[in-house]
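*Asks:*
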Amino acid sequence: SQQGEEDPQALSIQEGENATMNCSYKTSINNLQWYRQNSGRGLVHLILIRSNEREKHSGRLRVTLDTSKKSSSLLITASRAADTASYFCATPPGSARQLTFGSGTQLTVLP
Amino acid sequence: DAGVTQSPTHLIKTRGQQVTLRCSPISGHKSVSWYQQVLGQGPQFIFQYYEKEERGRGNFPDRFSARQFPNYSSELNVNALLLGDSALYLCASSLDSKGHEQYFGPGTRLTVT
C-alpha cells in the first residue's frame with residue numbers, strides 16, 4: 278500500500294511560474310524525501326527533511342513538513358522547461374529502513 | 006565517481022522464463038535496495054540488502070529473490086515470469102540501511118511477452 282500520496286496527480290504551468298506539489302502520508306516518520314524522475318528513468322534525490330524540521334531550502338526548492346497533519350509540500354520557484362518530470366515523495370515509515378513512495382505528480386513546464 | 010550502474014538496460018523475456026538483473030552501487034555504499042516501478046505508479050520496494058544480509062523485504066512473491074556479493078554488488082532474480090512482472094526495475098544504493106537518501110541507477114526495463 279502507498280504510504281505517501283502526492284497531489285495533484287498532474288500539473289501544467291508556464292515557464293517562470295512557481296509549482297507546488299503536496300504529499301500526505303499515513304504513519305509516523307523519521308524523515309521525508311523528495312525525488313525527481315525524468316521520463317521513466319532513474320530517480321534523483323532532491324531533498325530530505327527530518328521530522329524535527331519544518332522547512333528546508335535547496336536552490337529553487339523549498340520543502341515544508343507538518344507532522345501534525347502528516348503532510349509535506351514541495352515548491353519549485355521560477356520553473357524551467359527542464360523541470361518537467363515526475364516528482365515523488367518518499368518516507369521510511371516508522372522504524373522501517375526502506376522507502377515507501379507515493380504515486381507521483383507529473384509536472385509539465387511549458388516554454 | 007561512477008554512480009549506480011545497472012545491467013542490462015532493456016530485456017525482453019517470455020512468460021515462464023527466469024531473469025537476473027545486476028546492480029553495482031556507488032563506491033563506499035554498503036546498502037542496496039531493489040524497487041519495481043510499473044508504468045504510471047511510484048516505485049514499490051522489493052528488497053534491501055546491507056552488508057550481504059537481507060534487511061527488508063516488500064510484499065512480493067517468492068519468485069523474487071536477491072543477493073548481495075562481498076563487493077556490495079547485487080543481483081535480483083525473478084523466476085517463472087508473468088506478464089505482470091513487466092516493469093522498470095530500479096536499484097538504489099545508500100551508505101547505510103537506515104532510511105537515508107538513496108541514489109538510484111537508471112533502471113532495467115523488463116518486458117514479459
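For the protein sequence lines, the chains are C and R, in the order given.
Those letters in the first sequence? Residues 278 to 388, per my numbering, in order.
Those letters in the second sequence? Residues 6 to 118, per my numbering, in order.
For each residue, glycine too, the CB sits at the ideal point set by N, CA and C.
Would residue 106(R) pass as an interface residue toward chain C - the criterion being a Cβ-Cβ separation below 7 Å?
*Replies:* True, the Cβ-Cβ gap to chain C drops below 7 Å.
*Asks:* Within its chain, find whatever has a CB closer than 7 Å to the CB of residue 112(R); leave out the 5 residues flanking it on each side and keep chain order.
*Replies:* So the list reads 11, 93, 94 and 95, once near-sequence residues are dropped.
*Asks:* Please tell me whether residue 379(C) has its Cβ less than 7 Å away from any Cβ of chain R.
*Replies:* Residue 379(C) counts as touching chain R.
*Asks:* Going by DSSP in three states, residue 44(R) sits in which element: helix, strand or coil?
*Replies:* Here residue 44(R) sits in coil by DSSP.
*Asks:* Beta-carbon of residue 375(C) versus every beta-carbon of chain R: anything under 7 Å?
*Replies:* At least one chain R Cβ lies under 7 Å of residue 375(C).
*Asks:* Count the other CB atoms, across all protein chains shown, that sit within 10 Å of the CB of residue 82(R); report buried if there are 16 or more and exposed otherwise.
*Replies:* Looking at its Cβ environment, which holds fewer than 16 other Cβ atoms inside 10 Å, residue 82(R) is exposed.
*Asks:* How would you write the range of the beta strand (DSSP E) that residue 314(C) sits in, first residue to last?
*Replies:* Taken as a continuous stretch (DSSP letters only), the beta strand (DSSP E) holding residue 314(C) covers 308-314.
*Asks:* Name, in chain order, the residues that DSSP records as bridge partners for residue 69(R).
*Replies:* DSSP lists 83(R) as partners of residue 69(R).
*Asks:* Taking a contact to mean a Cβ-Cβ separation below 7 Å, would you say residue 341(C) touches residue 328(C) in this structure?
*Replies:* No.
*Asks:* So with CB distances below 7 Å, who are the chain C contacts of residue 46(R)?
*Replies:* Those within 7 Å of residue 46(R) in chain C are 380.
*Asks:* Quick one: which chain C residues come within Cβ less than 7 Å of residue 12(R)?
*Replies:* Going along chain C, no residue has its Cβ under 7 Å from residue 12(R), so there is no contact; the nearest lies around 13 Å.
*Asks:* Leaving aside the five residues before and after residue 376(C) along the sequence, list all residues of the same chain whose C-beta is less than 8 Å from its C-beta, in chain order.
*Replies:* Hits under 8 Å: 310, 367, 368 and 369.
*Asks:* Output yes or no for whether 7 Å exceeds the beta carbon distance between residue 51(R) and residue 69(R).
*Replies:* Yes, the pair counts as a contact, with Cβ atoms nearer than the cut-off.
*Asks:* Can you grab the Cα-Cα spacing for the pair residue 344(C) / residue 313(C), in whole Å?
*Replies:* Roughly 22 Å separates the two Cα atoms.
*Asks:* In three-state DSSP terms, what is residue 89(R)?
*Replies:* Here residue 89(R) sits in helix by DSSP.
*Asks:* What is the DSSP secondary structure of residue 343(C), reduced to helix, strand or coil?
*Replies:* Here residue 343(C) sits in strand by DSSP.
*Asks:* DSSP beta-bridge partners for residue 100(R)?
*Replies:* The partner list for residue 100(R) (beta bridge, DSSP) is empty, contrary to what the question assumes.
*Asks:* Got a sec: which bits of the stretch 21-49 of chain R sit with their beta carbon under 7 Å from any beta carbon on chain C, in order along the chain?
*Replies:* Flagged, chain order: 38, 46, 47 and 48.
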